[in-house]
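Quick note on the UniProt record's numbering: the sequence shown kicks off at 1 and runs consecutively. We put the beta carbon where it would ideally sit given N, CA and C, even for glycine. Presented below is the structure to which this report refers.
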Amino acid sequence: MSAAPLVGYSSSGSEDEDESKAEAEAGAQARLGAGVCPRAQSPLPNQRLPVPDSVLHMFLGTEEGPEDDSAKHGGRVRTFPHERGNWATHVFVPYETREEFLDLLDTLLPLAQTHVPRLVRMEAFHLSLSQSVVLRHHWILPFVRALKDRVASFQRFFFTANRVKIYTNQEKTRTFVGLEVTSGHTQFLDLVSEVDRVMEEFDLTTFYQDPSFHVSLAWCVGDVRPQLEGQCLRELQKIVDEFEDSEMVLRVHAEQVRCKSGHKFFSMPLK
1 MSAAPLVGYS SSGSEDEDES KAEAEAGAQA RLGAGVCPRA QSPLPNQRLP
51 VPDSVLHMFL GTEEGPEDDS AKHGGRVRTF PHERGNWATH VFVPYETREE
101 FLDLLDTLLP LAQTHVPRLV RMEAFHLSLS QSVVLRHHWI LPFVRALKDR
151 VASFQRFFFT ANRVKIYTNQ EKTRTFVGLE VTSGHTQFLD LVSEVDRVME
201 EFDLTTFYQD PSFHVSLAWC VGDVRPQLEG QCLRELQKIV DEFEDSEMVL
251 RVHAEQVRCK SGHKFFSMPL K
């Protein structure tokens, strides 16, 4: 439900009414000056009271998405324009990090930044099971219920992501340094198959035909694959291969599927 705008209305009476109101106001001021305490009165019709900020902002973010200002999110540009009532939606498996993984990332990122200084570390880590799609607000809960039904019978599984790879988005406006899945690929394909069925039910775009499941580690604006592939990529892979206990550090237990729609998160545990 959208919020009705808060609007102040002014009086539209005749000149005689305005004069009478002015006289009444003058009389009230005179009584106050004489020390007379008037009874509580409602504001005069032609007076505008300021609307508190708490009221003006109480409906922000209820149905509209975030303000489309690329400066607020590192220069990223929306894949599709924001419209009121539309919520960007994404299905993924969260990648729960451990201290050793963050130590590895602290070694990889400075090397990558020697080739592309504007690379920045991801704030959270995950493996995508869908593209970003648009849902109308009233379809979010039915969509999530359908997802829960589809993944309810899936068993938890282990997967490994240890192959360094460079990615861009479809528009080639962003570049990512990621770790590609090398074991567990079949289970991810099975999950995507079920997510795609839900997408089709809601007439939404399905996932890529030949997906490369991966965990993005860092990103930047623009297509900088030429700077990162080749020698840089080989050096990054060597760090991963030689990292102490890398096989165990990069082996993760997939325990749930999550859906993010707008600012809302929904978790669907696997069996």
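Any idea if residue i is buried or exposed, counting beta-carbon neighbours within 10 angstroms, 16 or more meaning buried?
i, result
"Leu108", "buried"
"Gly184", "buried"
"Val120", "exposed"
"Ala124", "exposed"
"Phe158", "exposed"
"Ser216", "buried"
"Thr175", "buried"
"Glu194", "buried"
What would DSSP say about residue i, mapped onto helix, strand or coil?
i, result
"Gln256", "strand"
"Gly263", "As written in the sequence, residue 263 is His, which differs from the Gly given in the question. Three-state result, His263: coil."
"Pro226", "helix"
"Thr97", "coil"
"Ser212", "coil"
"Thr107", "helix"
"Arg145", "helix"
"Leu102", "helix"
"Phe207", "coil"
"Phe188", "helix"
"Arg84", "coil"
"Arg197", "helix"
Rounded to whole angstroms, what's the CA-CA distance from residue i to residue j? Just pull it up for me.
i, j, result
"His263", "Arg136", "14 Å"
"Thr160", "Glu247", "8 Å"
"Val240", "Asn162", "7 Å"
"Val151", "Ala254", "12 Å"
"Thr188", "Pro110", "Rather than Thr, the amino acid found at residue 188 in this sequence is Phe. Cα-Cα distance, rounded: 30 Å."
"Gln170", "Phe213", "15 Å"
"residue 275", "Glu229", "Examination of residue 275 is not possible in this model, given that the chain is present from 1 through 271 alone."
"Tyr167", "Asp223", "9 Å"
"Val93", "Pro269", "10 Å"
"Glu235", "Tyr95", "24 Å"
"Phe265", "Lys165", "28 Å"
"Val198", "Ala112", "38 Å"
"Gln231", "Phe202", "44 Å"
"Leu179", "Leu141", "32 Å"
"Leu127", "Lys172", "19 Å"
Between which two residues does the beta strand (DSSP E) containing residue i stretch?
i, result
"Glu180", "Arg174 to Ser183"
"Trp161", "Here residue 161 turns out to be Ala, not Trp, going by the sequence shown. That run of the beta strand (DSSP E) goes Phe157 to Thr168."
"Val134", "Val133 to Arg136"
"Leu129", "Leu129 -> no beta strand (DSSP E), and no H or E assigned at all."
Going by DSSP, which residues form a beta bridge with residue i?
i, result
"Lys271", "Paired residue(s): none; Lys271 is not in a bridge."
"His115", "In DSSP, His115 forms no bridge with anything."
Any heavy atom of the ligand SAM within a distance shorter than 7 Å of the CB on residue i?
i, result
"Pro269", "Absence of the ligand SAM from the depicted structure is noted, as is the absence of any ligand whatsoever, leaving it without description."
Along the chain, where does the alpha helix (DSSP H) containing residue i start, and where does it finish?
i, result
"Ser246", "Ser246 to Val249"
"Leu236", "Gln231 to Glu242"
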